[in-house]
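Notes for the one structure printed next.
Numbering (the numbering used here), first residue to last: 16 to 150.
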């Protein structure tokens, strides 16, 4: 198991070194590792990461790791600017506000900006697992 992984937050162009054993997080502005290692979301109350492993995608939430697979029920419910992300089988619920760049950056789609929406829309597709499976 790779103990420390680097994650990227596309919304705020920030990186995070996450220690998978201790949960320690170090945030910085420039990538330190070459290549894709994972993505994350953070706000005042939540930190959720998704990263590739040799067994497929893993989500990290509240100090625990959860495998992502096609059998899960993962949804994003939208009500105006408020959204709720759920992985029902793991009892994970994150309430968050729509990313500020949706509708602002004409070159980016909602999937590019909203990590939760991307997960909920793509976790049933084979390409998602190819992207989140490391050799």
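Using N, Cα and C, we set each Cβ at its ideal position, and we do this for glycine too.
Query                                                                                                            : Result
Cβ pair residue 107, residue 76 closer than 8 Å                                                                  : yes
Residue closest to residue 63, alpha-carbon to alpha-carbon, out of 142, 144 and 131                             : 131
Those runs of the beta strand (DSSP E) which lie wholly inside the stretch 66 to 92 and span at least 3 residues : 73 to 76 and 79 to 82
Segment limits, alpha helix (DSSP H) that includes residue 145                                                   : 141 to 146
For residue 56, the first and last residue of its enclosing beta strand (DSSP E)                                 : 54 to 57
According to DSSP, residues forming a beta bridge with residue 99                                                : 92 and 110
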